[in-house]
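The numbering of the sequence shown is the UniProt record's numbering, which starts it at 1 and goes up by one. Heads up, the beta-carbon is just placed ideally off N, CA and C, and yes, glycines get one too.
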Amino acid sequence: MAIIKFSNVGIDFPIFDAASRSIKKNFINFATGGKVGESNGKVVVSALNNLNFEINDGERVGLIGHNGAGKTTLLRMFSCVYHPTTGKARIEGEIGSLISISLGINPEFTGRENIYIRGALLGLRKKEIADKIDEIIAFTDLGDFIDMPVRTYSSGMQMRLGFSVSTIFTPEILLMDEWLSVGDEGFKEKAESRLSNIINATKILILASHSYELMARVCTRILWLEHGTVKMDGKPDEILPLYFKTHINKADLV
């Protein structure tokens, strides 16, 4: 069973050496969309405030909100990169992230070596990677390039390598920031198929996106974030039209 439960969760980030700089303080407030205050004489940005929700098996949850609303911060809390300053966050289930799928890949190492590096960053044990390495290499379609330094790869080849490693296992909780589009048309078709299979198999999907069509097609529930709080929580057909009517020009919906 996978579950995410937030009870009065908030997170603050201190801004050092800014306690008396009102111009900087006002700029941070404008740029981040969060709330700026003071704690122990220091300026702090309250990135997320008073979050209360529960996400259970089978749910596909979309995160929407303007830039700076808190979507990325919330995704990082789901992945346990950030921890709450206030409240309690309960997260049960193996977490997988398709955010920054090329993170950790070293251009001086070969593709084969980078499979182990990227796999380790995903929390995989060396034996788990070794057991799957032939399957990963076959999926990349890199051929003999797999034993050449990644600096010799095109950007598309690097993306294929990162995607092939990052999608070799299906997590219980899958985190995504926008939909992945990887490689040329030949690779894209099988990448889309694998991605769809993972999304269907994962117990909980969390997807942050600015796409009306994608959210309506994939998600069963929407969390609308605004200034670090949940403005609305409900069905896509109720929330998406209201959000996009308020925030996006009609031309952007096409």
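Start-end ranges of the alpha helix (DSSP H) lying completely within the region 89–166, minimum 4 residues: 111–121, 126–140 and 155–166
Under the three-state DSSP convention, the category residue 185 falls into: helix
Endpoints, the alpha helix (DSSP H) within which residue 239 is located: 236–247
Closest Cα partner of residue 225 within the set 89, 103, 119 and 75: 75
For residue 193, three-class secondary structure by DSSP: helix
Beta-carbon proximity of residue 205 to residue 60, cut-off 8 Å: yes
Local conformation of residue 5 per DSSP, three classes: strand
Own chain, CB closer than 6 Å to residue 179, minus 5 neighbours either side, in chain order: 214
Simplified DSSP state of residue 218, which is helix, strand or coil: helix
Cβ-heavy atom distance, residue 140 to the ligand GTP, below 7 Å: The ligand GTP is absent from the structure shown, which contains no ligand whatsoever.
Beta strand (DSSP E) segments (min. 3 residues) lying fully within the region 39–71: 42–56 and 60–64
Exposure of residue 23, with buried meaning 16 or more beta-carbon neighbours within 10 Å: With a pLDDT of 44 at residue 23, under the threshold of 50, the modelled position of this residue cannot be trusted, and the question is left open.
Where residue 203 falls, given that 16 or more other Cβ within 10 Å makes a residue buried: buried
Delimiting residues of the beta strand (DSSP E) encompassing residue 180: No beta strand (DSSP E) contains residue 180, which DSSP labels as neither H nor E.
Segment contact flag, the region 227–237 with the region 194–203, C-beta cutoff 8 Å, min 3 pairs: no
Inter-residue spacing [alpha-carbon to alpha-carbon] between residue 47 and residue 175: 19 Å
The region 160–175 in contact with the region 129–146 per 3-pair CB rule at 8 Å: yes
Sequence-distant residues of the same chain with beta carbon closer than 6 Å to residue 116, five excluded per side: 129
Secondary structure of residue 13, DSSP reduced to three states: strand
Contact check, residue 53 vs residue 177, beta carbons under 8 Å: no
Simplified DSSP state of residue 206, which is helix, strand or coil: strand
Inter-residue spacing [alpha-carbon to alpha-carbon] between residue 207 and residue 71: 10 Å
Outcome for residue 182 when other beta-carbon atoms lying within 10 angstroms are tallied against a minimum of 16: buried
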